[in-house]
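K.L.:
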Amino acid sequence: MDSKRKKSLKHQSSISLTTSLKQRNVRIPYTKIFDPDHNIFLDDLPIEAKIINYEETKFLLSPYIYHIELNHGNFNWIIKRRFHQFRQLHNQIWLHYTKLIIPLPTQHSRQNRKLLEEIGEIEWPKFPVLPETFLIAEGISKRIKILEDYLRFLLDLVIFRRHPALLNFLAISPYSFIEELGLKGEEVLVKKRAGGFRSASCCVRIENFFTDLTGHWRKRWLVVKDTCLFYLYPEDHKIRYVMLFDPEFYADSGIKVTGIANGLRIRNLSRQLILKCQNEKRAKELAEYLNEYSKKNAKDFVHRNRFGSFVPPRKSQFCQWFVDGCAYFEAVSQAIETAQQEIYITDWWLSPEIYLQRPSLGLDYRLDRLLLKKAQNGVKIFILLYKEMEIGISINSIYTKRTLMRMHQNISVLRHPDAVRGGPLLWSHHEKLVVIDQKIAFVGGIDLCFGRWDNYEHRLTDLGGIFFQTAHKNDLIHSSIRPTGLLYRSVSQPMLDDSVQSEAEKNTPRHITKPSMLLQIGGDSFETRSVADLEDVKNNNSLFDEDDKENLDTIDEIDCGEKIDESVTNTTATNTLTNNTASNKSSNLRGKIRKHLLDKRARALARIRRMKTRLKRNIQFIHSEIESSESSSDDDDDYDDDGVGDDDENYEISLSFIKQSVPKIRKEFDFRTDELEGAAKLWIGKDYTNFIVKDFTQLDLPFQDSVDRNNTPRMPWHDVSCVVVGQAASDVARHFIQRWNHTKFSKAKFKQRYPWLIPKSLRCFAATDELPSYLTRAHKVDCQIVRSVGPWSIGIRDTEASIVDAYIEAINQAEHYIYIENQFFISQTKTHLSSNDGVKNRIAEALYRRILRAFRNRKTFRVYVLIPLLPAFEGEVGTTSGAAIQQITHYNYSTIIKGYDSLMSKLKLEIEDLDQYIGFYSLRNFDKLNERLITELVYIHSKIMIVDDRISLIGSANINDRSMLGNRDSEVVIFVEDQEYEFYYMDQKPYKSGKFSGSLRRMLMREHLGIYKVNKKEMLRMSDEVNDPISEHFWSEIWNKIAQKNTEIYETVFPVIPSDQIKRLDEIGAYMEQKKLYKHNIEKAEELLSEIKGHLVKLPLQFLIDEPNLNSNYSAQDHFIPQIVWT
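In structure tokens, the structure reads:
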């Protein structure tokens, strides 16, 4: 045989996957990887076998190796077998047939005999018995024909087709013909030693000498696919480990590297695996095959990629951005609804009860219910959560895990890391990803958790519908205008004053709840929550399952003569319960407050409604105003009902209370309900939050407010995320899979509830795939996934810090402007790494060099940097409780302006008019709460950078060492380069602006400048101004002018913190004593506030500029926190 032909056959064990089906489009779904006992073959499609060649060797008994070409549907592959392997197969098949015809008294035997009867008499083909040693040259062709016929005979009969001996002979497993896994790669039986993990630094020969003497070698079935290889149990085909192709992937063999003559070593960044093959020659062949296969079919993963990323740039992907949580959450909900196979979610924090579409018209778009629905439809859902140190972070991930996993067996949740098992104490998993079927991936800074949903309005209040009373003036809490700006004091739930209680109320036992209600009149839905003395009712609120709704009774009539509108009473449950506390002095109710009012009789009706349901699963039912009553309920099966609705005596007392109260209430408050208006709540329960006033607690009580919304404004949340479709989405999925498998191996290696995950082949991502209908603004881009990961976070030997390299490269490439929004701005500006208290990332240094280059070249260049006015930590500046706020503020300002080595200080030495090049900004809003003016910062949580309307970086990475160094927090960012352009202006000259990056930048600027809130003519004018981000007119007369004016108005009306007027901590008291308009001249204050445009303000760079010890005021526990935690 031609030597060249022999060589090509020697290395060929897989042939390409054809692009069109030869028979018909029959596929094994990808989800069958979770069910290895499924039908191995493509239904109704034959397996064709043909011996296409042979080679002669010096092996005495079986000198010939037969090259057998096999075809099954789209799959073609070649195997090599000797005659003695054919004979072993024949013996096992014949033994199997013999067992089938023996009439054993078992059901299995009867089924087999029935199958044989249906097949009829089997005519066995002739099987050769003459050893090949005695074959003459002319007899080999005849031998080939006999062996071909024998193989086809076995493959045509169902009773033999699935026999393990035949499957092993053909190199077939349940994973062979899953098209989404890619080619039919090599599959072979090997042996693996128990505890096969090996360190690269060990002495292989010495180690294997001892382990050969004491170790146990077990059979494993090795499978090679496009993106990875994995091995499984031969008996049940369950996967035991998945090994991804990566830049360190390499296979070699021999005694020098394995300590075994027939040993095979396979290495990647995560593992070194030692296997034992049939013989030394086979080990060498497999090593050569794996190296050649990986370079050809996994080249995207084994080559070194730009920025040192684990994946290369992807061309012509579709990407769409989302500004704020409203649009993002809705798109995520729509994507989840379209999932067919898998859903991957990883978040720093996840709240199961979060509503993804608002206002909510029921439970359909609550995250846990949405996931449950998909799980019931057979979709596999995998969720990775950061396992927090509970002593310092109160996100209660164990509650999230238990809540989700008890819903359905198709939902699997893992938490990582385990500090008690040697995991890191200081670092976290910070990615925020949602992946659908490995084809659609959401990447950004938005967790699916409380407090993140918001829109461009960034509202400060959410009293929902009609509420009971105005808040006490002295109880109003403004986190941004309190003496320290960060002070927190608990606000107790006010009780009804005895002077306004009826006799029935006074005589009611303490465990009888007197609910405080919120109503909606004229809206789609409403929520309310009672202030219950009964602790289990007060603290545990769940929603009905659909089956429970049938148990609800309708209150048709009350003895006092009040008729309830049945159509209203039977309204479907809509929004979730929320906690809104009634205050004392109901006689001082002031009529309409923001067009809402609560009739006290609704409280009584709600009580009787709750008592009559008598549900066994903790129900808090809501009743609204007599003529427009609606209800909302839910049951998440998390809590048992201890005494709710099962006490007839309580029911009678409540009924008596209602009968006595309603006439009095009617007399006190006489109004027409059809004249009132109301609206549904957008932030339900703990979703209404203000992190500076109070951090989260009791997250297992999701529908109980964490702050009193009648007294405390919410903290608006500004964020950015995006979605990508195509191969880049599969790269995001690959990152998730790598993290999941690492966590499974370290925590749940033998638990079947947590299966191994396998990346799909890139071949299944066709460029012609239609975009999902909910992606109406997607643009074609080139993009690359970059990340920060290391040994602890993903189980690799090296550290990947491709995010910081991508940021620096984008800054260096910038020609016109850089726009940054980030939660932090902590970076290095000096040339040596010991400056800035050990901060190491060089993003600030890159900005310094780029601005200095623009100045020296006399080029117009702008840098916009937006960060929050204050860190979102509970505490009080100037006291031990404010250590976290002070630490972050110290490092932010040290990077920006404080100290000789800060960015602004260094630039001022070179540039006199620095304001023409860089500006630092933030966001703030104002509103009215109970007829009092309030203000609050808009918390900037986005992590983005836009360059020249052509490059965008969107992800979870903050500008600090935690996110950028790779070996600390794990992060994911998408690096987007526009491929589609439209003409705008840059420095008053025509310019090709990228459709993705340019539209994102314009959207953000329009939101911050408040263009949506002005009249149409002004909106059109200002929209044109935003088109050119570096013109002198826009920079000075629009952006900076509005920011400056807004800042001055806020300073005039409110005692805002932070402020440039406060240079030291001891000046806060005097500053707060200044008379401000929001208290002393409300009319003038409202007049000034009406001139505010958008939310943009200047970051007060002189805030605490003279304070020498901003980061040294620690509490006792803070002394144990290393400085690297803050940076």
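So for the sequence shown, the UniProt record's numbering puts the first residue at 1; every next one is plus one. Ideal Cβ positions, reconstructed from N, Cα and C, are used throughout, including at glycine.
Which partner residues of residue 1204 appear in the DSSP bridge assignment?
P.N.:
The question about residue 1204 has no answer here: the residues shown for the chain are numbered 1 through 1127.
K.L.:
Can you tell me the Cα-Cα spacing of GLN341 and ARG358, whole angstroms?
P.N.:
27 Å
K.L.:
Identify whether VAL1125 lies in helix, strand or coil by the three-state DSSP scheme.
P.N.:
helix
K.L.:
Spell out the partners DSSP gives HIS429 in its beta bridges.
P.N.:
SER970.
K.L.:
Using a Cβ distance threshold of 8 Å, determine whether the region 936 to 944 contacts the region 818 to 833, with at least three qualifying pairs required.
P.N.:
yes
K.L.:
Return yes when the Cβ of GLU1087 is within less than 9 Å of the Cβ of LEU933, no when it is not.
P.N.:
no
K.L.:
Looking at LYS760: is its Cβ nearer than 9 Å to the Cβ of SER802?
P.N.:
no
K.L.:
Where does TYR328 sit, in a helix, a strand or coil, going by DSSP?
P.N.:
helix
K.L.:
In or out: PRO716 buried (at least 16 other Cβ within 10 Å) or exposed?
P.N.:
buried
K.L.:
Does the separation of the CB atoms of PRO713 and ASP927 fall below 9 Å?
P.N.:
yes
K.L.:
Taking VAL863 as the reference, which of VAL1053, TYR848 and ILE818 has the closest Cα?
P.N.:
ILE818
K.L.:
Taking 9 Å as the cut-off, decide whether the C-beta atoms of GLY882 and GLY444 are in contact.
P.N.:
No, Cβ-Cβ distance for GLY882 and GLY444 is not below 9 Å.
K.L.:
To the nearest angstrom, report how far apart GLU431 and VAL972 are at their CA atoms.
P.N.:
6 Å
K.L.:
Taking C-alpha atoms, which residue in LEU229, GLY685, GLU288 and GLN278 lies nearest to ARG271?
P.N.:
Residue LEU229 is the option with its Cα nearest to ARG271.
K.L.:
Three-state secondary structure (DSSP) at THR346?
P.N.:
strand
K.L.:
Which of helix, strand or coil does DSSP assign to ALA251?
P.N.:
strand
K.L.:
Quick check on DSSP: helix, strand or coil for SER1031?
P.N.:
coil
K.L.:
Hey, how far is the Cα of LEU167 from the Cα of GLU390?
P.N.:
51 Å
K.L.:
Taking one C-beta from the region 404 to 416 and one from the region 364 to 378 each time, how about it: are there three or more such pairs within less than 8 Å?
P.N.:
yes
K.L.:
For HIS779, does the three-state DSSP call read helix, strand or coil?
P.N.:
strand
K.L.:
In the DSSP assignment, the alpha helix (DSSP H) including THR935 goes from what residue to what residue?
P.N.:
Careful: THR935 lies outside any alpha helix (DSSP H), inside the beta strand (DSSP E) at 932 to 937.
K.L.:
Is the beta carbon of ILE381 closer than 9 Å to that of THR346?
P.N.:
no
K.L.:
Do you know offhand how far ASP913's Cα is from ARG415's?
P.N.:
51 Å
K.L.:
Indicate whether VAL839 and SER309 have their beta-carbon atoms separated by less than 9 Å.
P.N.:
no
K.L.:
Mind checking whether VAL781 and GLY994 have CB atoms under 9 Å apart?
P.N.:
Contact check for VAL781 against GLY994 passes: the beta carbons are separated by less than 9 Å.
K.L.:
Taking one C-beta from the region 803 to 818 and one from the region 947 to 962 each time, how about it: are there three or more such pairs within less than 8 Å?
P.N.:
yes
K.L.:
Exposed or buried, which one is GLY73 when buried takes at least 16 other CB atoms within 10 Å?
P.N.:
buried
K.L.:
Mind checking ASP705: buried by the 16 CB within 10 Å criterion, or exposed?
P.N.:
buried
K.L.:
Where SER631 and ILE354 are concerned, what is the direct C-alpha to C-alpha distance, given to the nearest angstrom?
P.N.:
In this prediction, SER631 scores a pLDDT of 34, lower than 50, which makes its location untrustworthy; no coordinate-derived value is stated.
K.L.:
Run the CB neighbour count on LYS126, radius 10 Å, all protein chains shown included, and call it buried at 16 or more, exposed below.
P.N.:
exposed
K.L.:
Taking buried to mean at least 16 other C-beta atoms within 10 Å of its own C-beta, is GLU980 buried or exposed?
P.N.:
GLU980 is exposed by the Cβ-count criterion.
K.L.:
Extract the residue ranges of the alpha helix (DSSP H) inside the UniProt domain "PX" (44 to 177), only unbroken runs of 4 or more that lie entirely within it.
P.N.:
83 to 101, 107 to 119, 139 to 156, 158 to 161 and 164 to 170
K.L.:
Just the C-alpha distance for residue 1132 and ILE343, rounded to the nearest angstrom, thanks.
P.N.:
What the structure shows of the chain is the stretch from 1 to 1127, and residue 1132 is not part of that stretch, so it cannot be assessed.
K.L.:
Taking the DSSP output, what are the residues bridged to CYS764?
P.N.:
DSSP, once it has assigned bridges, lists no residue as partnering CYS764.
K.L.:
Assign HIS1095 to buried or exposed, taking buried as 16 or more other Cβ atoms, counted over all protein chains shown, within 10 Å of its Cβ.
P.N.:
buried
K.L.:
Using only the alpha-carbon positions, how far apart do ALA733 and SER788 sit?
P.N.:
15 Å
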